[in-house]
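Numbering (mature numbering (1 follows the signal peptide of the UniProt record, and there is no 0)), first residue to last: -18 to -1, 1 to 158.
Below is one structure, written out as structure tokens; the observations come after it.
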Amino acid sequence: MSGALFFFLFCKSMPLLSCPSDVLICNLNIFRSDSCLSVSRSKAANMACEKEIWQKIGEGFVQEYYNQFDNTNRMGLGNLYSPDACLTWEGSPFQGREAITGKLVNLPFKRIKHIITEQDFQPTVDSCILIMVFGQLQVDDDPPMAFHQVFMLKSQNCAWACTNDVFRLGIHNIPV
């Protein structure tokens, strides 16, 4: 298996927006040792726990995604997407893990560095996680540019994967 496999497992079967006692969320990454976060909450603290779960999953995904993206070998990014995922890159659509990986691997630059300015997370009614990322990126020796990216994560077979991804540079071409 090439690249990093990054996903969170719910070690007990449960919907995303519930938080029973002793839920175990595991972060597995083939480049790091296994680490698990045990979350135990009373029923009164359920709302805080829910936020903690989806926010931690979102933050972990964002960190892993941009670490992989900034790596010179971006092949591992494909492992973060579901097999039938959708990517819209600057208005161009790509369907499926292979097409998405092909697009990301063949971007026309040698080096890239992402600086995340803000990231927002929301749980959705269908137990997904919506992520909005704002930041700057610098490719090769070009000046930094603003970018915006939206991800939708879904738990599939106890693994979190990106099902939707929309990327845009923050460039405004205003007609005069």
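In this text, a Cβ means the ideal position worked out from N, Cα and C, and glycines have one as well.
{"Check": "From R150 to A141, what does the alpha carbon distance come to, in whole angstroms?", "Outcome": "27 Å"}
{"Check": "At 3 residues or longer, what runs of the beta strand (DSSP E) sit wholly inside the region 116 to 155?", "Outcome": "127 to 138, 141 to 151"}
{"Check": "Under the three-state reduction of DSSP, which class applies to K95: helix, strand or coil?", "Outcome": "strand"}
{"Check": "Looking at the strands, I want to know which residues DSSP matches up with T83.", "Outcome": "DSSP, once it has assigned bridges, lists no residue as partnering T83."}
{"Check": "When the distance is taken between beta carbons, is L62 closer than 8 Å to E46?", "Outcome": "yes"}
{"Check": "Pick from I98, E80, I35, D66: whose alpha carbon is nearest that of Y48?", "Outcome": "I98"}
{"Check": "What are the partner residues of M57, as DSSP defines its beta bridges?", "Outcome": "In DSSP, M57 forms no bridge with anything."}
{"Check": "Helix or strand or just coil, what does DSSP make of L62?", "Outcome": "helix"}
{"Check": "What does a CB cutoff of less than 6 Å around Q120 pick up in its chain, not counting 5 residues either side in sequence?", "Outcome": "K95, P126"}
{"Check": "Using beta-carbon positions only, say whether I113 and F43 come within less than 8 Å of one another.", "Outcome": "yes"}
{"Check": "Select from C68, D66, G117 the residue whose C-alpha is nearest the C-alpha of H130.", "Outcome": "G117"}
{"Check": "Would you kindly report the start and end of the unbroken beta strand (DSSP E) that includes P75?", "Outcome": "74 to 77"}
{"Check": "Do the CB positions of residue 159 and L135 come within less than 8 Å of each other?", "Outcome": "With the chain covering only -18 through 158, there is no way to say anything about residue 159."}
{"Check": "How many angstroms separate the CA atom of E100 from the CA atom of V115?", "Outcome": "6 Å"}
{"Check": "Within a Cβ cutoff of 8 Å, which residues of the same chain sit near E72, ignoring the five residues on either side of it in sequence?", "Outcome": "F149, R150, L151"}
{"Check": "Nearest by alpha-carbon distance to F51: which of S74, K85, P75 is it?", "Outcome": "K85"}
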